[in-house]
Structures are given as structure tokens and as C-alpha cells.
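All residue numbers for the sequence shown refer to the working numbering, where the first residue is 7 and numbers rise by one.
The C-beta atom is built at its ideal place from N, Cα and C for all residues, glycine as well.
Heads up, the thing below is written out as C-alpha cells.
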Amino acid sequence: MGGKRVALCLTGSVASVKAVEIIRELRRRGIDVEVYVTERALDYVGEKALEWASGKKVIKELSGSSEHLKDFDLVAIAPATANTISKIAHGVADNPVTSLFLSSIGKGSKLLVFPAMDLSLYDNPLTRENLSKLKELGVEVSVTRIEEGKVKIDCDAVIWGVEKGLSEKDLSGIKALVTAGPTREYLDSVRFLTNRSSGKMGCHISRELTKRGAEVTLIYGPGSERPPFDVKLKRVESYDEMRKKVISELERREYDLIFLTAAVSDFKPKMRREGKISSDKAITVELIPNEKIAKLVKEISPNSILVGCKAEYNVSEEELINRAYSRLMEDGMDLIVANDVGKEGRGFEVDTNEVFIIDREKKIKHVPLSPKEIVAKEIIDHVKGYLR
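Below, the structure is given as C-alpha cells:
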């Protein structure tokens, strides 16, 4: 994202108080941010705070210096009030925000609008008509939160929208299926077997695919990571639910890429007991192995590029690669991503990972310890080369 220029426009909504956080997060991603405001926006957020966050003077008036004619890679209004939306839809350029936005429409720039208003205003037929006009002009309108009778902006959604808008769409037209998170195998009605998977790696892979234009379906177990925006999300809990959902998706449509990143339970209790097992005495639980989902995938969807995962605990690099390669060949995968969760900073419940990507010819790509979003990008860059 380094070198990209974004104009963040604020209007007269209390949601403008979130601007400092949004600006700082965008700048952490290497994005150059310039702030445009209406007069009312400064009733809710301080000009000095915006200048500190962006490192630039805030554009708060039209001075005759052609501020509204500047070129940006992307222009976003967050928050966008019903008043500002109406003005733009009717070509009114009476402040820095509306003037810049109308100029940017004329240039064919990438444009985003994040409405923030009472639900009654949003549901008003005139507001809906105005939003439709903007969409017809190529503006992307994003509504991610409706709570307490209000349309609210979500900081993460704004940051995501900007990132996605600035990204190269080199995977446009690609359909991808991703599994992520752990599964739960119930002993009784309240206790279950599970693992420490947070779902972070699978969610980062889903984000990276979506950001680059792929159409992503995410089958997600009970992970702690917030699922990405703009994916088709399918929630599951147990191995059986995960298996059935994967099969139904593959029978429903063809996928170009399949990433099996979920930490699916290898075993489940032979019998699930109803109610709560008494803790007054010892019990013995018989576990039975679960069938590997990867084997089913290739039977149903032989033309998909199948990428699996293999986690080991405190083994040598050679052993990690050999075990992963054996699993790849056994399950019919095209590639496998191997990591050692026994080493610090790798695997479950952390924000970093180190992986080895192995193909059927045992060619190996090593991704050194890095933030998981970087690892996801490296994985997808590598897998892209195997697309037919």
C-alpha cells in the first residue's frame, strides 16, 4: 500500500470522532491520508487531532487553490450524512467534501461512501434514491452496522474498504473455498474436545483473496478471529457439520481454489451422551478417527487446486517437510502448508507464523517468521502460479 494517496472526507456526524483511529490505521499500512471536512464535522472532532493523525493540514474551506481538484488513488466519505449524500447526488459543490467528491466522480476515481445516520433517514425513499444515483456513477456504498435504530460506521470496515479499493484485482473471476477455525466434538451436552486454533490464518487468507478480487466462501468453525468482510460466511461447529458443508459447497458449484486451513478434530467420541455426565466418578471415553476431508475434496472436485495444511509439534525442519509431503501425496493435495506449532511465535493463537509450502514435486517455498497477513499474501502469491 506504500505510496497510495487517499482522501478521507468527514461530514457532520458524531461518527466523525472515529476518524483519528481510521487515519492512524491507514497510515500504519503505508497509506498517505489527506483529510477533507465540512464545517459541521469539526463540531465532533478536533482539527488539531486530525492534523496530528494525518501529518497534514486539514482541508476545511475552498481557498481558491484548487484543493478540490487534487488527484487521489481513492476518495472515501466516512461518515457520510444524508445531507451530504443528497448534495452530491444533485451536483451541489458547496464545501470541500462535496467539491472534491464531484470532481473525483468526473475523473473516474475509486470512490467509497459509508453512510451514518438515523435508520429513518436511511430508509427514506429520497435517501435510497440518492444512494442509487451514486451507485450508478460507480460509487461503492458500504453499510456494515445497523444498531439501535441507527446506521453506524465500523472502523474496521472503513479500513478494509480502503485496502480493498487500493488493491490490484489479479484474482478477479477466481472462486475460492476456505475452511478455518477449530471444531468441537461433544462428549455430552456441555463438554467438548477442541484445539487452540483461533482461525487467524484462514481469515487472513480469505481477506487476501477477497482483497485481490476473488469470490470467497468461508466455512468457519468456532474461532476467535473476526471473520472478514465481503465473504460468503458459513458457520459450523463440529467435524460432521464441516464435512457436510464442504461437500454441499463442492456439489453446488465449481471452485478454482480450495484452502483447507481449519484445524478439524482428528477424533470424536464414539458416543455423545445427553445431559451432563456426572463428575462423581472416573469415566472412559472411546475416540474414533474422523475421515480426512481433503480426500473427499479431490473425489468431488478433481479440477480444483487443493491446498491443505499440516501442523506438527517440535520436530526438525526435515521431519516437518517429510511428514507434510507424505500427507499431501496420501490425500491427493496439490500443495500443502506446513508449520511447527511447538515453536514460539508460530501456529495457534499468535499473530505470526513461519511456514513451508510444498508441492507434489516436493518443491519447497519457505516463508520466514512474519505477521500472518504477510504469510497469507506469500501463500496466495505462490499458489497463484499453479492456477490453470
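Val103 is the residue among Lys63, Val103, Val291 and Leu137 whose C-alpha sits nearest the C-alpha of valine 43. With the rule of 3 Cβ pairs closer than 8 Å, the segment 87 to 96 counts as touching the segment 132 to 150.
Taken in chain order, the complete alpha helix (DSSP H) segments of 4 or more residues contained in the segment 129 to 183 are 131 to 142 and 161 to 172. Nearest C-alpha to threonine 200 among Glu174, Ser244, Val343 and His96: Ser244. Non-local beta-carbon contacts of glutamate 67 in its own chain, meaning distances under 7 Å to residues more than five positions away in sequence, involve Pro102 in chain order. Assigned with DSSP and collapsed to three states, proline 275 falls in strand.
Between glutamate 260 and serine 310, the CB-CB gap stays under 9 Å. The C-alpha of leucine 32 lies about 32 Å from the C-alpha of glycine 314. Proline 188 is bridged by DSSP to Ala269. Going by DSSP, alanine 122 is part of no beta strand (DSSP E) at all; its letter is neither H nor E. When DSSP states are grouped into helix, strand and coil, histidine 372 belongs to the strand group. Tyrosine 42 is bridged by DSSP to Cys15 and Ile65. Taking valine 373 as the centre and dropping the five residues before and after it, the same chain places the C-beta of Val361, Val381 and Glu384 closer than 6 Å to its C-beta, in chain order. In this chain, proline 228 is not harboured by any beta strand (DSSP E), its DSSP state being neither H nor E. For valine 361, the enclosing beta strand (DSSP E) stretches over residues 358 to 365. Under the three-state reduction of DSSP, glycine 353 is assigned to coil, being neither helix nor strand. Bounds of any alpha helix (DSSP H) do not take in valine 347, whose DSSP letter is neither H nor E. A straight-line Cα-Cα distance of about 47 Å links glutamate 336 and isoleucine 152. By the CB criterion at 9 Å, glutamate 146 and glycine 167 fall inside the cutoff. Separation of the CB atoms of alanine 47 and serine 22 is rounded to 5 Å, and the pair is thereby assigned contact status at 8 Å.
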